[in-house]
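*Asks:* Dropping a structure here in structure tokens format, bear with me for questions.
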Amino acid sequence: MTPDLTTTYLGLPLRSPIVASASPLTGDLDTLLELEAAGVGAAVLPSLFEEQIEHEQVDVHELLEHMTHSFGEALTWFPELDDYSTGPEAYLEHLRAAKAALGVPVIASLNGISTGGWLRYARLCEEAGADALELNVYAVEADPAVPGAAVEERTVALVREVRAAISIPLAVKVGPFYSAFAHMAGRLHEAGADGLVLFNRFLQPDVDLETLAVEPRLVLSTPTELRLPLRWIAILRGRVPVSLAGTTGVHDWEGALKLLLAGADAVMVASAALERGPAVVQELLDGLRAWLEEREYVSVEQLKGSLSQAACPDPAAFERGNYMRALVSYAPGAGLRGHDPAGR
Amino acid sequence: MGERATVDGNEAAAWVAYRGSEVIAIYPITPATPMGELADAWSSQSVPNAWGAVPQVVEMQSEGGAAGAVHGALQAGALATTFTSSQGLLLMLPNMFKIAGELTPAVIHVAARTVATHALSIFGDHSDVMAARTTGFALLCSSSVQEAQDLALVAHAATLRARVPFLHFFDGFRTSHELSTIERLDEDDVRALLDETLVAEHRARALSPDRPVLRGSAQNPDVFFQAREAVNPFYAAIPGIVQEEMTRLAERTGRRYRLFDYTGHPEAERVLVLMGSAAGAAGEAVERLCDEGEKVGLLTVRLYRPFDAQAFVATLPATVRAIAVLDRTKEPAALGEPLFQDVVTALTERGGELPRVIGGRYGLSSKELTPALAAAALAELGRDEPRRRFTVGITDDVSGLSLDVDPDFHTEPEDVFAAVFYGLGADGTVGANRNSIKIIADAGGLYGQGYFVLDSKKAGSMTVSHLRFGPRPIGSTYLVQQADFVACHQFGFLERLDVLSLAKEGATFLLNAPYPADEVWEHLPREVQETILERRLRLWVVDASTIAREAGLGKRVNTVLQTCFFALTEVLPVDEAIAAVKDAIRATYGKRGQAVLDRNMAAVDRALAGLHEVEVPQVVTATAGRRPPVPATAPDFVRDVTGPLIAGRGDDLPVSALPVDGTFPTGTAQYEKRSIAAEIPIWDPSICIDCAKCALVCPHAAIRMKVFAPEALAGAPEGFLSKEWKARDLPGMQMTIQVAPDDCTGCGICVETCPAHSKEEVKHKSIDLLPKDEHLEVERERYEFFLTIPEIDRSLVQPATVKGSQMLQPLFEYSGACEGCGETPYLKLLTQLFGDRLLVANATGCSSIYGGNLPTTPWAQNADGRGPAWSNSLFEDNAEFGLGMRLALDAQEAATRALVPVVAPELAAALLDADQTTEAGIAAQRARVAELEERCRGLRTPEARRLLPLARALVRTTVWIVGGDGWAYDIGFGGLDHVLASGKDVNLLVLDTEVYSNTGGQASKATPRAAVAKFAAGGKRTRKKDLGMIASAYGDVYVGQIAMGADNPQTVKALAEADAYAGPSLVIAYSHCIAHGIEMKKGMEQQKLAVDTGYWPLYRYDPRHASAGEHPFHLDSRAPKLPLSEFMSREARFAMLGRAQPETAAELAELAQRDVDERRLVYEQLAEIEHEHAPDESEEEAE
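Protein chains in written order, with our numbering: chain Y, 10 to 353; chain F, 1160 to 2342.
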């Protein structure tokens, strides 16, 4: 019997647990269709960045206004274009087009900077037909005067407000840098999150040694990064009643399977699909299906969370024990460098 | 009554022209450009004409081309129109004769502008229109914005009926650019007046193979004359037709016009006759004088050609005894100006007792005609022996023609509220005022008027807005004279300008000040305090700059001050006004997005809290007054003439103060210390690497390098910075990088370019932009000393290198070009390389404006009094103009060569075979020529006398022909091509901004594919012309394509090689521009990206290498390392298309990338081509 790959994420029935995560691939209708053909259960569109929109609006405004009405021979420098978009219109248009073209759920993603912006764009995404909304909560709090509790409070309040503003399911994609992430996860749930996406990968600064310029770069994930979401999904499964999606480091069917075992409702891929093309989704699903078949699992539902912290035979392995064992299993010296000597 | 709207004259006329046309050929020229821009914008938005079709709008290569296209369109049966001014109209004249000769209905709309004579002027008078009198066009004149709309329709209607083409004109700037509340026509009016039967008849006369005819024959003496006379009945019918169409318009709109309109006393004895916008001011004067019991009147001419003498005579009151005819043009040597002569003829032919008729000139180049001037002309008529010819509005102390004027004669109506605003171009004052007028007209139901006096400087440009509001249409066609409200949006103006000169008794004065209300008084200059007390002004302050900055609006203080204006003036109830301001912000900036709206709204909300009235003390406390416009040490001419111009008092200069032939001293920009930068570059010698790039890229020659012997530092002010010059070419020398703090615009290009940074703190560079106020005094003193350090001996340096060139004195300095201009660094470099032996022929455009617009010029002189001699002829003829200079030099050299052996045989060999390829060689030749001149002075022979004024022709003079892409690619291309083919030793420098920059960014053939530009609002679909390849095809033309920001050495080398090459040279220089939509301080970075993406390949084609085994085409830039999108995404001209029409943008971007790839392929192959044959004889000669 072919195992049933369906799952439920954010209350949405998905035909498969592999979800296309926000990436340039989901920003293009053609590749979205390829991802769908390859078997994704849903697609998360790239983030609508409020900061970028604002920045661009102000930039365009300043460029178009610069030196206007100041010189007798040239009152302006550009034709007044009839209709142009510096706001979220292009994004919403893409959302609408994706919604019209795809059969699987389309999840909008939003990265805001102001309360007004979060709410405004959340509503716009809902109006444009998004099946769900993923809040991409990402801010580097650099002010030494601001304590972690304040940052947490801000995030929770934000989720609460967005929840109140829209009626579609709401996921929150967060980073792992909380002292007590399990507690934070619970607060996010209480604030109205239907799901958590673990974890956000940040743009990290880099230094160009030629120009001595600091240049933020996003590098693709590696399979070892899977372990962080694996841990937290396993810990949260059964403890916080929200949908869980694992993202970061899913490069092969084994990785996807591990996250599902730990308790993920959905597994998100981006880097692997960027590197190897949308067809990688098909590979993942084939591997998953073969494993399930070989071991006579009937469905993904049966598998989900079966190795969560609550369900596994060695719960401590997901907490401190994991660390202890890793240390002793390394060759002397190599462990101090803190990375996998296999280079993966 | 139609709907009301507040528009300017250009829009009013263009609206009608567009609705009544099928083909519109356009070309940019100030002040008519906006008409073409509007037509192009409407067409790209598919706005239909009155019959539902979208007109074809085509930009041509010149006005001559536009007229040709119109002529052709008319011949093929379309309704066609065009818009122009001044020189543009002159270029249309040949076609106008044809169009009229063939009895073709057409309308040309003209924003009347001064024709260039001793100087160019962008401003308004009738000299252009008067030059078109002989074309056979009917001439119909509008004197207000309302009329510009109404009579435009009358012209379109009458031409169809009359078959004679019409030139419909109104005054440039005063009417074309005045915002005014008018009653609008609608499409039904257009359809009602433009008779479709007549349109069908026009089509029936068109060329068609279905009913072939020949038109445009050549005729002989036998019949030409008779055929020319055959048109007479058509001309005779025109006045009747025009009056009928005016009547039909009146029936629909209630607005009545006649061929000649009379206002004033029904039994007037003294009458003014004039046409154009002066009718408004003169009408006010007549009304006032009539109220005072005088019998005076005003006759306004509307249909000027044909001049209907009968209607004219019939319009004059029978009682008239004296007439003053005012002409807004000058015809030197004529018996009188044209309108005067027409009036005299009309009256003479009437017969009977003739009134006395006198003729006066007024208003050349938009010189104001105020009611006081009109009154002066009427007063002159009242004298026993009035002057037969006069001028009014100037002081003519040479010919004594000018009338005395009563300065206290004011007629501004009591129920009109007048306001004046002083702002910067960059602070948005004018934009906000344009909005305010519309708000008051729309929300308040009042009639508004706005006229904006803008700057001819671009960097730090100043604006003065003149606004009026009242319950009736406003006919005061002159600047505000008595303001109820004065706003000064920049505190710094107070010490430079008399901003209160127009404030009337008890007026409100709003000042943007960085000081609180209880401190500001102490910071006001003495004159300002005095005026506030004398005229009992109410002073209000707001720190708009801080509020705007905090709201995220940067320098744009407009929203804050606009809100304060409404709060203080109560033209509208305050709450209503603020709501209207917010609505206007939404309407104006809605498209720009929520962030822009939010910031402006925040500024409105915070404005009133920051507005405070100042409790004015009863006494003047200031000790410091306004500073003089130029230093007392300036040369006489600069002090007596340039100074008043800088201070805005040029109107006061008498005729005798001005040169008779348009010749001015150079080197005057140094006296115009505008001090406009907020931040200036400050040098840290400890990390400087002597690269000289900062000085190279500075658009204003405001950061300079000198290399000098250590002894030169004697007497330096304490702390004067210098360091050892590291390069081995000049051992033991010191160097200094110095900013000119009052001349720097703060553009930041030098800092962006500086490659040297601190090892401890990377952000600290060898030059950093720092607040000027903190460094001004020190840097002023240092710069003053720096200028006294002797310039380096030119023979010691290698000029054709970056460092070498930057050791040399720039002779192009402190121009008023845009902050961060991409053109001026090339010109400055040119003057460093060849400035002391340079003749410049400059095409009209940005470079002629920042180069030659009064009050000052950046073209300068060295200590020996040598420097570039500069002239601007026209836009279209610049290559020919420069060639003429070369021919003159060659002719003089040839004459000299013949004389030298006769006069000084023993000097002949050295003089005639001198090597002048190096600086030392040139210096030696100058010495020889001086000796020769000395010899000539001592001899009494005719040959010596002839030789003396010619001798200097033996020193090599270089001719550079400079202009923009509008000149080189479009209007001047034919001449440029011819000059390139001449084989003569001329150098052409094309400052390629890829658009018509000076007129506001219209597309040229240099505009790249996929860019948005005016006249290409939907993105340019065709690729850029490859001018360099066209030139190199001649084989004997040196061609260089350069981009300073990408490769400095290649730039310097190409200019030096071009100059050294003894045949024609063409250098095309990539010039970033504000019309690209970039942050200007990143201009050089964009140039680098342009080259790195293959957008702008660098190459040199040197004909001297076109011989055995050599490669004349040298591709200097490497294969593109980045996709074109990296360059395009950083410029609004490309990026905007992506936001407006994403699909078109993507398609064009792909084609643009293909253009780059293909061109690279072709260029790489060209670079491989070896030339086998030795150059032919003519090329040898050229070398």
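C-beta: ideal position from N, C-alpha, C; glycine also.
#1: Out of F:S1974, F:V2059, F:R2045, F:C2232, state which residue places its alpha-carbon closest to the alpha-carbon of L2071 (chain F).
#2: Considering only residues of the same chain and omitting the five flanking positions on each side of T2181 (chain F), which have a CB-CB separation below 7 Å?
#3: Using the Cβ count rule (16 or more neighbours within 10 Å means buried), how would you classify T2076 (chain F)?
#4: Give me the residue from Y:E263, Y:P232, Y:L205, Y:L316 with the minimum Cα distance to G20 (chain Y).
#5: What are the boundary residues of the beta strand (DSSP E) that includes N2001 (chain F)?
#6: Considering only residues of the same chain and omitting the five flanking positions on each side of S280 (chain Y), which have a CB-CB separation below 6 Å?
#7: On the DSSP letters alone, give me the boundaries of the beta strand (DSSP E) that W1842 (chain F) sits inside.
#8: Quick check: the segment 78-87 of chain Y against the segment 96-116 of chain Y, are at least 3 beta-carbon pairs closer than 8 Å?
#9: Can you pull out the residues from the segment 78-108 of chain Y whose beta carbon lies closer than 8 Å to at least one beta carbon of chain F?
#10: E1181 (chain F) and A1237 (chain F) - do their beta-carbons sit closer together than 8 Å?
#11: What's the C-alpha gap between Y1177 (chain F) and N2207 (chain F)?
#12: Which residues in chain Y have a C-beta closer than 8 Å to the C-beta of F1611 (chain F)? List them in chain order.
#13: Would the beta-carbon of P2279 (chain F) fall within 8 Å of that of V2315 (chain F)?
#14: What whole-angstrom Cβ distance do L1804 (chain F) and W1699 (chain F) have, given they're in contact under 8 Å?
#15: Roughly how many angstroms lie between the CA atoms of Y2254 (chain F) and K2247 (chain F), to the nearest whole one?
#16: At what residues does the alpha helix (DSSP H) containing C1857 (chain F) begin and finish?
#17: Just to confirm the assignment, what range does the alpha helix (DSSP H) spanning T124 (chain Y) have?
#18: Which residues in the same chain as E224 (chain Y) place their Cβ atom closer than 6 Å to its Cβ, once the five residues preceding and following it in sequence are excluded?
#19: Going by C-alpha to C-alpha distance, which of F:S1301, F:P1253, F:P2101, F:A1781 sits closest to G1292 (chain F)?
#20: Are at least three pairs of beta-carbons, each pair with one atom in the segment 286-293 of chain Y and one in the segment 44-63 of chain Y, less than 8 Å apart?
#21: Can you tell me which of the three DSSP states Y1521 (chain F) falls into?
#22: For my contact list, V1716 (chain F) and H1648 (chain F) are in at a C-beta cut-off of 8 Å; report their separation, rounded to the angstrom.
#23: Hey, is N1169 (chain F)'s beta-carbon within less than 8 Å of any beta-carbon in chain Y?
#24: Check the DSSP bridge columns for E1122 (chain F) and list the partner residues they point to.
#25: Just confirm the distance between the C-beta atoms of A117 (chain Y) and C134 (chain Y), as a whole number of angstroms; I'd bet it's less than 8 Å.
#26: Would you call G247 (chain Y) buried or exposed, if buried means 16 or more other Cβ atoms sit within 10 Å of its Cβ?
#27: Would you decide whether H2231 (chain F) is buried or exposed? Buried here means 16 or more other CB atoms lie within 10 Å of its CB.
#28: Could you pull the start and end residues of the alpha helix (DSSP H) that K1663 (chain F) belongs to?
#29: Applying a beta-carbon distance threshold of less than 8 Å, which residues of chain F neighbour E74 (chain Y)?
#30: Residues of chain F with CB under 9 Å from I62 (chain Y), in chain order?
#31: Using a Cβ-Cβ cut-off of 8 Å, state whether E71 (chain Y) counts as contacting chain F.
#32: If we count the other Cβ atoms within 10 Å of its Cβ and call it buried at 16 or more, is F211 (chain Y) buried or exposed?
#33: Classify D2036 (chain F): buried if its beta carbon has 16 or more other beta carbons within 10 angstroms, exposed otherwise.
#34: Would G1634 (chain F) be called buried (16 or more neighbouring beta carbons within 10 Å of its own) or exposed?
#35: Identify every residue that forms a DSSP beta bridge with Y1973 (chain F).
#36: Looking only at its own chain, which residues have a Cβ that is under 6 Å from the Cβ of Y2220 (chain F), when we skip the five neighbours before and after it?
*Replies:* For this structure:
#1: F:V2059
#2: Taking T2181 (chain F) as the centre and dropping the five residues before and after it, the same chain places the C-beta of R2168 closer than 7 Å to its C-beta, in chain order.
#3: By the 10 Å Cβ count, T2076 (chain F) comes out exposed.
#4: Scanning Y:E263, Y:P232, Y:L205, Y:L316 for the CA closest to the CA of G20 (chain Y) turns up Y:L205.
#5: 1997-2001
#6: L229, S230
#7: 1838-1842
#8: no
#9: H78, S79, F80, G81, E82, A83, L84, T85, W86, F87, P88, E89, L90, D91, D92, Y93, S94, T95, G96, A99
#10: yes
#11: Here the C-alpha atom of Y1177 (chain F) lies approximately 48 Å from the C-alpha atom of N2207 (chain F).
#12: H78
#13: yes
#14: Not really, about 32 Å apart at Cβ, beyond 8 Å.
#15: 10 Å
#16: Counting along the chain, C1857 (chain F) falls outside any alpha helix (DSSP H), and DSSP gives it neither H nor E.
#17: 124-136
#18: D215, D217
#19: This sequence places Arg at residue 1292 (chain F); Gly is not what is there. Nearest C-alpha to R1292 (chain F): F:P1253.
#20: yes
#21: strand
#22: 6 Å
#23: no
#24: Missing from the structure shown is residue 1122 (chain F); chain F here goes from 1160 to 2342 and no further.
#25: 4 Å
#26: exposed
#27: It is buried - the Cβ of H2231 (chain F) has at least 16 other Cβ atoms within 10 Å.
#28: Unbroken run through K1663 (chain F) is the beta strand (DSSP E), 1662-1671; no alpha helix (DSSP H).
#29: Under the 8 Å cutoff, chain F gives G1587, G1590, R1715.
#30: Ordered by position in chain F, the residues that pass the 9 Å Cβ test against I62 (chain Y) are G1752, Q1753, A1754.
#31: E71 (chain Y) counts as touching chain F.
#32: By the neighbour-count rule (16 or more Cβ atoms within 10 Å), F211 (chain Y) is not buried but exposed.
#33: Counting of Cβ neighbours within 10 angstroms places D2036 (chain F) among the buried residues, the total reaching 16 or more.
#34: Around the beta carbon of G1634 (chain F), a 10 Å sphere encloses 16 or more other beta carbons of the protein chains shown; the residue is thus reported as buried.
#35: DSSP, once it has assigned bridges, lists no residue as partnering Y1973 (chain F).
#36: Y2197
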